[in-house]
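Position in the sequence shown (from 1) plus 33 gives the number in the working numbering.
From the three backbone atoms N, C-alpha and C, an ideal C-beta is built for every residue, glycine too.
As the structure is a computational prediction, the values presented were derived from the model and not from experiment.
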Amino acid sequence: MTERERNLIKSNLKAFVHNFGTVRIEKENCGKGFYVFYPEDSDSYIQYCYSIEYLDGWLYGCVQGKLRLKLTDERECELYG
């Protein structure tokens, strides 16, 4: 992964790690894609992203989805006890 690619995903990767734990990201051998392994020592990837922009968006979406679920659960507890 290049420095530019690392900088592009830096903030969303940090948020992802905070919410889900450490992942291993490997660049595709003969292409522009990336494989995401979770947990980091797994041999099976959980996501293939065809570009660095897609990877950045996927990381962002995972965090937003988790936060949305958390907010929904908290709101339901307020409303329904």
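If we count the other Cβ atoms within 10 Å of its Cβ and call it buried at 16 or more, is residue i buried or exposed?
| i | result |
| --- | --- |
| I85 | buried |
| I79 | exposed |
| C110 | exposed |
| N45 | buried |
Using a Cβ-Cβ cutoff of less than 6 Å, which residues in the same chain neighbour residue i once the five nearest sequence positions on both sides are dropped?
| i | result |
| --- | --- |
| M34 | K60 |
| Y83 | G66 |
Just reading off the beta strand (DSSP E) that residue i is part of, what are its end residues?
| i | result |
| --- | --- |
| K60 | 57–60 |
| C71 | The sequence as given places Tyr at residue 71; Cys does not occur at that position. Segment: none, Y71 is in no beta strand (DSSP E) and carries neither H nor E. |
From which residue to which residue does the alpha helix (DSSP H) around residue i run?
| i | result |
| --- | --- |
| K43 | 36–53 |
Consult DSSP for residue i and reduce its assignment to one of helix, strand or coil.
| i | result |
| --- | --- |
| Y113 | helix |
| C82 | strand |
| Y93 | helix |
| K65 | coil |
Beta-carbon within less than 7 Å of residue i's beta-carbon, same chain only, minus the 5 sequence neighbours each way: which residues are those?
| i | result |
| --- | --- |
| R57 | F70, E73 |
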